[in-house]
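First comes the structure, then the notes that go with it.
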Amino acid sequence: MAEPRIIIVGAGPAGVRAAEALVAAGVRPVLLDEGQRDGGQIYRRQPEGFSRTPEQLYGTEAGRAIALHRSFERLKPQIDYRPRHLAWNVADGVVHTISEGKPGQFAYDALIIAAGATDRLLPVKGWQHAGVYSLGGAQIALKAQACAIGRKVVFLGTGPLLQLVALQYHKAGAEVVALLDTSPFPRQVMALPKLAARPGMLLKGLRIVGGLMASGMAIHRGVTPVEIHGEAEAGVTGVSVRLASGEIRRFDCDAVGLGYHLRPEAQLADLARCAFTFDARTRQFWPEIDADGRSSVPGIYLAGDGVRTQGADGAEISGALAACAALEDLGRSVPDAPRAALRAKARVMERFREGIAEAYPWPAGLAADLPDEAILCRCEGITVGELREAAKEKGADEVNRAKALTRVGMGRCQGRYCGHAGAEIVAAATGMPLEAVGRLRGQAPVKPLAIAAGEVQP
Amino acid sequence: MTGGTRSDVLIIGGGIMGASAAFFLRQRGKSVTLIERGLIGQQASGTNFGNVRRQGRFLPQLPLANRSRAIWGRLNELLGEDAEFLPSGHLRLAYTEEMAGRIEQYGRDARPYGLELEMLSGNVLRDRFPFLGPEIRAGSYSPLDGHANPRLAAPAFGRAAKRAGAEIVERAEVLTVEQEGGSFRAETADGRVFRAEQMLITAGAWGSRLSQQFGEPVPLVVHGPQMAVTEPVPYGLEPVLGIATTIPEEIIYLRQVKRGNIVFGGGIRGPASAETLRAYVKPENTLGQLSQITRIVPALRRLNVIRVWSGIESYLPDDIPIMGPSARIPGLHYAFGFCGHGFQLGPGVGDVMAELIATGQTSTPIEPFTIARFANSTTNQPGGHP
Ligand SMILES: Cc1cc2nc3c(=O)[nH]c(=O)nc-3n(C[C@H](O)[C@H](O)[C@H](O)COP(=O)(O)OP(=O)(O)OC[C@H]3O[C@@H](n4cnc5c(N)ncnc54)[C@H](O)[C@@H]3O)c2cc1C
Ligand SMILES: Cc1cc2nc3c(=O)[nH]c(=O)nc-3n(C[C@H](O)[C@H](O)[C@H](O)COP(=O)(O)OP(=O)(O)OC[C@H]3O[C@@H](n4cnc5c(N)ncnc54)[C@H](O)[C@@H]3O)c2cc1C
């Protein structure tokens, strides 16, 4: 049998561990990543020439980061690693890439997609002002460029990343005015039994909470965002929220970090025609997978935060499992014992993931209650009211129809940032269940594709 | 309710043809029921390029296209909604002397049909349209053609028809059509029955599935023209541009919307399926288009494509539609199979079919489009060809 052609997209924890499992089985995979270097999101490597220590860069995760980077260095000669390769499309068994303006094609027998996650965002009135960043953006500014998004920063949203980034900013010396969490404190307590599935992680989380309390920043849980104040020139000037007590309070600041946990980057899976399923707990559609990461399409495997937001450790496990599944489906024998151990760990990761989702729920009601004048789609400048009108008056009771009539989700980001909130608004306006209003169908390219690429023939 | 809904005219298929026919039939006082499998304008009529172009068409189709163009011009006042029709002009371009000769000939041939085209070449062409690339030799300019927003046009017709009293039934697929006594009967997948004195089949790529139930199958095949759009840039590309060529890879057309995005399409068509209701864009086709589009407007090389899509369009072997009365059954009418050119025609087709159904004749010639030309066809086309 000819050497199977296996392609991995994503050199984060999931992709690297998948590559490792393939190499162990004697296969030389192609590993594509749009980034300059390996490491993925959390263990992102600093650009060549920078010399901050792993402890400075990765904090408590330094050990794991070093371990992953070392594994990768060992693997490198045994894989076909292609950094700076964006997979912009996939069709008919071929991944289409773009690298430094040049198109490329990689045919596969098996494809493992480990594309990671991005911030899950919820609009708030005024979020289009300069100075509003996603939590990921805020963290990258700190990690990669060693600079803060502002001098007086408010963090608004929910999820573990909200607390982590707030603490990272505080430690880096930025003035964090407030941490405003939409999740009510009792929800976080109720999720403890599930979070206890991973005692070490729970402890890390509690230390972060401890660090935040000791920092002296204002911390409010169970808030309702009202508005991000700002001016055309100056950008953000403050944030108003309704506190759990009912009082409306304004916090003056010049930057806001915004985020409601993470959402899988599932565009490639969508383009590969993988089936999606609705998850009621997190109120979103995501690709269907079996316990080992097999999608509904034979030969396509999904791993890491790009399919379920389990975090970096979960990503490593699911990456290895996906590789085993691919090998097995290609007729290679896969040793049972290690795989059983991986599956057992994966179940723990999944339980913890559910705990996080319950502790920091997506505030669906806030999306549905957004005022008509709030901008929903920042790319196209469409308001909540315009979408509501299409849903109510023009019968757009399905999100792709709403997109056709209003352009919500037609911009550069393809609905990554407004799609979930848009679906909530359509559902609330029409009285339909969220599941029934559907999801925006993915459309190539995964990220904007330079027309100049057409001048270079592959 | 054993009788089911009854009306003067039953329209099956709510693309731009069905929706505009419903609107114009209401204007003529006929009671109308329109049945659409999905949502109004969701198929070809909502996914097309948006060209409202007459030049380059099959000449005997020009009277119909002219009638349609006149309606486009007063669409907003007619429908009370804006479908973003922009009479921006249309420029048909040639790379070679041979094609330049052909478009010039077309200009002469089109004049008797009332379509005035202006031939431009060399410096005159370039002075007027300085963004054109050096390979372009000549162009034929149609000042009154333009473009509109396909996502809005058919739904706007549907809503206007509804306001005017038409019954619009969405999310209902008609499975069987038949004659019953002197009238027509249609039954949907969920068992609803509709009856009418006359029937109009405007089911696009699915038209033959219904016409064959009346013994009139036609050899429809489906394809997916490949579309794409760039990020917005300041408005400046006024006319719709299109290349006249016999080389399929070279075909490309583009337009800029007022908001700034540049929409383009053309080249090799992609796979479409009338069964799964999906049409796909092949990545290699997108790359092929990129290599062509900068030949027309080199400055476009600085832009990015943010989205691609396709749609299901049906074609007949002679590349012209089926339109007119059934050749076998009085009271039955067809308008489908528009071969990639139906968006511009939509309002005119609706108007003409309403005239035909209400009066028994049309003031615009449509004889070339008769279904009788496929009378010997035995094809039982399920569609689904790539
Ligand atoms: C903004 C952000 C900040 C985070 N911060 C933390 C943190 O501080 N602590 C923590 O514990 N967890 C954090 N997480 C979660 C953590 O990043 C993930 O749990 C972990 O990185 C998941 O690993 P992964 O391999 O699934 O994906 P990732 O590590 O995200 O790796 C995915 C890789 O795929 C590549 N890729 C994606 N799409 C394409 C494509 N189309 N073509 C080519 N390459 C592609 C990306 O460049 C990336 O390298 C963060 C997540 C995000 C999104
Ligand atoms: C990508 C693309 C680009 C194009 N570009 C242009 C252009 O620039 N200019 C131009 O003039 N033309 C263009 N065309 C062609 C144009 O879009 C079509 O010719 C025109 O929209 C056809 O309209 P229609 O109403 O016949 O078909 P459709 O819009 O397909 O409508 C037919 C309707 O019938 C419904 N239907 C079918 N069967 C049943 C049933 N059994 N029961 C109930 N309902 C049923 C379908 O759901 C559908 O909504 C393009 C087409 C495509 C796909």
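From first to last, the protein sequence lines stand for chains S and L.
Whatever position you read off the first sequence (first residue = 1), add 159 for our numbering.
Whatever position you read off the second sequence (first residue = 1), add 755 for our numbering.
Just so it is clear, CB atoms sit at the ideal spot from N, CA and C, and this is done for glycine as well.
Bear in mind that the values here come from a model prediction, so they are computed numbers and not experimental data.
Within the same chain, P213 come within 7 Å of I225(S) by CB-CB distance, once the 5 residues on both sides are set aside.
Residue-level contact check: L875(L) does not touch chain S, since none of the beta carbons of chain S fall below 7 Å from its beta carbon.
With a cutoff of 7 Å on beta-carbon distance, L599(S) and G554(S) are scored as not near each other. In the DSSP annotation of this structure, the continuous segment of the beta strand (DSSP E) that includes D438(S) starts and ends at 435 to 438. A distance criterion of 6 Å places the beta-carbon of E971(L) beyond contact range of ligand 2, judged by its closest non-hydrogen atom. Look at I610(S): its C-beta is under 7 Å from a C-beta on chain L.
For P213(S), the enclosing alpha helix (DSSP H) covers residues 213 to 217. Per the coordinates, the alpha-carbon of A462(S) lies some 42 Å from the alpha-carbon of G768(L). S843(L) and R310(S) have their C-alpha atoms roughly 49 Å apart. Chain S has a Cβ within less than 7 Å of the Cβ of I1061(L). Assigned with DSSP and collapsed to three states, M982(L) falls in strand. If you keep only unbroken beta strand (DSSP E) runs of at least 3 residues inside the stretch 934 to 1015 of chain L, you get 938 to 943, 948 to 956, 976 to 978, 981 to 985, 995 to 998, 1008 to 1011. For R560(S), the neighbours in chain L by C-beta distance under 8 Å run, in chain order, L794, Q797. Taking C-beta separations shorter than 6 Å and ignoring five residues to either side along the sequence, the partners of I166(S) in its chain run V189, V254, F265, Y267, L270, following chain order. Around the C-beta of K235(S), fewer than 16 other C-beta atoms lie within 10 Å, and the residue is accordingly described as exposed. Residues L191, D192, E193, T256, I257, S258, G263 of the same chain have their beta carbon placed closer than 8 Å to that of H244(S), with the five preceding and five following residues left out of the count.
Pairing A428(S) with D451(S), the inter-Cα distance amounts to about 16 Å. Counted as a single uninterrupted DSSP element, the alpha helix (DSSP H) harbouring I515(S) occupies residues 495 to 518.
The residue from I891(L), L1032(L), R812(L), A941(L) with its alpha-carbon nearest to that of Y861(L) is R812(L). By the C-beta density criterion, F1124(L) is buried, having at least 16 other C-beta atoms within 10 angstroms.
In this structure, the beta-carbon distance from L992(L) to G613(S) does not fall below 7 Å. By the rule that beta-carbons nearer than 7 Å mark a contact, R847(L) does not touch chain S. Interface criterion met: the Cβ of A563(S) is under 7 Å from a Cβ in chain L.
Taking 8 Å as the upper bound for CB-CB distance, G275(S) and E475(S) are not in contact here, some 13 Å apart. For F1019(L) against A983(L), the beta-carbon gap comes to about 6 Å, under 8 Å, which counts as contact.
Here the alpha carbon of R906(L) sits roughly 7 Å from the alpha carbon of T802(L).
One alpha carbon belongs to Y519(S), the other to E942(L), and they sit about 49 Å apart. Using a Cβ-Cβ cut-off of 7 Å, R571(S) counts as an interface residue toward chain L, since at least one Cβ of chain L sits closer than that to its own. Inclusion of M874(L) and A999(L) in the CB contact set at 7 Å is not warranted, their separation being larger than that value.
In the three-state reduction of the DSSP assignment, M1108(L) falls in the helix class. Under DSSP, A246(S) forms a beta bridge with T256(S).
When 7 Å is used as the limit between beta carbons, E986(L) is near these residues of chain S: R571, P607, in chain order.
Cβ atoms of V313(S) and V415(S) come within 8 Å of each other, at about 5 Å.
With its beta carbon less than 7 Å from one in chain S, S1046(L) belongs to the interface.
Taking 7 Å as the cut-off, the Cβ atoms of I766(L) and L975(L) do not count as close. For the stretch 534 to 550 of chain S, the set of positions with a beta-carbon nearer than 7 Å to some beta-carbon of chain L is empty.
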